[in-house]
Amino acid sequence: MLHPLVSVIVTTYNRTDYLKLTLESVFNQTFTDFEIIVIDNGTANNLNEQLCNQFEKVKYFKIENSGGPARPRNVGIREAQGKFIAFLDDDDLWLPDRLERQVAILERKSDYGLVHSCCEVIDENGKLKNQVIGRPGTPDVKHGDVSLRMMGNWTIMMPTPLMRKEVIDRVGFFNEEMPSAGEDVEFWVRCSFEAKFYYIDESLAQYRVHSGNISGSSAKYIELPLYLKKVLSEVYDKEKISKEDYQLLLYRLCQMQLKMIKLNFFKTIRYVFVLHTFWFLKINNNKLLIKMLFFK
775 MLHPLVSVIV TTYNRTDYLK LTLESVFNQT FTDFEIIVID NGTANNLNEQ
825 LCNQFEKVKY FKIENSGGPA RPRNVGIREA QGKFIAFLDD DDLWLPDRLE
875 RQVAILERKS DYGLVHSCCE VIDENGKLKN QVIGRPGTPD VKHGDVSLRM
925 MGNWTIMMPT PLMRKEVIDR VGFFNEEMPS AGEDVEFWVR CSFEAKFYYI
975 DESLAQYRVH SGNISGSSAK YIELPLYLKK VLSEVYDKEK ISKEDYQLLL
1025 YRLCQMQLKM IKLNFFKTIR YVFVLHTFWF LKINNNKLLI KMLFFK
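Per our numbering, the very first residue in the sequence shown carries number 775; after that it's consecutive.
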């Protein structure tokens, strides 16, 4: 029986050494029926291309620098031939049985559109930091119909999901209008309203923490709740959620916004009124505001 083809979309920029390790982690998979699509987001030299030419199954594309990962991922999606899609940044790694286990689940569970997991954290030299991210206190929180539990609470770790291409056909591409932070959060939220998520409570990938990805981009997340409100309004207009759930999620986005108040006080206050004119009528929002201003 033929396995379905998996398209692995790798985005890269100026990190040839890390990219080599990332590609090797894909070729070390126990599941081998895949293609790799590398999208170079405008690296000045041709080292990435030279590296990719050393591997079979790798298609290399170079685009003008877009300032963020949304456009490179979308270019990769358009080139993908696979039934299943996986994303991988050029500094992250997969554990060897990642694809085999996830493909088996999606083949067996036809009612699920996406499977994901938590991941280990490694430092810039690949050393484990004795830390796991993306693991909830209760696994059920990230399993099944997660749309109402997900928005404003948690997101999917980028190196972990495998999804059906047909889910992307329904939800559309990554939002290229967003700042270069949070576009993945917005995308996974849209997916959550279109597909059930299967959660594996084990680390199947490694997320690398280094100087290039420690949040110099934190301030860019300040607009994320506004984009999530657009998603929320669209699903409400399509009658996919009730008015009560719509209001509940709006207030949750207000709390998400208030937690960013130390990034920019005036923008945060302005944006929270955009989210909900009467956000201050919720006593928990006022408590959170006081806590963020005076106790953190």
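Note that CB positions come from ideal geometry on N, CA and C, so glycine has one too.
Residue i, enclosing beta strand (DSSP E) - first and last residue
{"i": "ILE814", "result": "The sequence shown places Asp at residue 814, not Ile. Note, ASP814: beta strand (DSSP E), 808 to 814."}
{"i": "TYR834", "result": "832 to 836"}
{"i": "VAL782", "result": "780 to 786"}
Beta-ladder partner(s) of residue i, from DSSP
{"i": "GLU894", "result": "VAL906 and GLN980"}
{"i": "MET937", "result": "ILE859 and LEU888"}
{"i": "PHE971", "result": "LEU888 and GLY918"}
First through last residue of the alpha helix (DSSP H) which encompasses residue i
{"i": "ASP864", "result": "Per DSSP, ASP864 belongs to no alpha helix (DSSP H) and is neither H nor E."}
{"i": "LYS1003", "result": "998 to 1011"}
{"i": "MET925", "result": "Segment: none, MET925 is in no alpha helix (DSSP H) and carries neither H nor E."}
{"i": "GLU957", "result": "957 to 966"}
{"i": "PHE1039", "result": "1039 to 1049"}
{"i": "ARG847", "result": "844 to 853"}
{"i": "GLN824", "result": "821 to 826"}
Supposed close pair residue i, residue j - CB separation, criterion 8 Å
{"i": "LEU1006", "j": "MET925", "result": "7 Å"}
{"i": "TYR995", "j": "ASN949", "result": "With a Cβ gap of about 14 Å, TYR995 and ASN949 do not count as contacting."}
{"i": "VAL800", "j": "ILE813", "result": "About 14 Å separates the two Cβ atoms, so there is no contact after all."}
{"i": "PHE861", "j": "MET931", "result": "PHE861 to MET931, Cβ: 11 Å. No contact."}
{"i": "LYS1003", "j": "LEU1049", "result": "6 Å"}
{"i": "LEU867", "j": "GLN980", "result": "4 Å"}
{"i": "PHE858", "j": "MET937", "result": "7 Å"}
{"i": "PHE947", "j": "ASN848", "result": "4 Å"}
{"i": "GLY856", "j": "LYS939", "result": "6 Å"}
{"i": "SER1081", "j": "CYS892", "result": "The question about residue 1081 has no answer, for the chain in this structure spans 775 to 1070."}
{"i": "ARG982", "j": "ASP871", "result": "The pair is not a contact, with the Cβ atoms about 20 Å apart (cut-off 8 Å)."}
{"i": "GLY842", "j": "GLU957", "result": "7 Å"}
DSSP state of residue i mapped onto helix, strand, coil
{"i": "TRP868", "result": "strand"}
{"i": "SER989", "result": "With a pLDDT of only 45 at SER989, under the threshold of 50, the placement of this residue in the model should not be trusted, and no figure is reported."}
{"i": "LYS1014", "result": "coil"}
{"i": "SER735", "result": "The question about residue 735 has no answer here: the residues shown for the chain are numbered 775 through 1070."}
{"i": "MET1034", "result": "coil"}
{"i": "PRO913", "result": "helix"}
{"i": "ILE930", "result": "coil"}
{"i": "ALA878", "result": "helix"}
{"i": "LYS794", "result": "helix"}
{"i": "ARG1026", "result": "helix"}
{"i": "PHE947", "result": "coil"}
{"i": "LYS994", "result": "helix"}
{"i": "PHE1054", "result": "helix"}
{"i": "ARG789", "result": "coil"}
CB contact below 8 Å: residue i versus chain C
{"i": "ARG1044", "result": "Among the chains of the structure shown, chain C does not appear; only one protein chain is present."}
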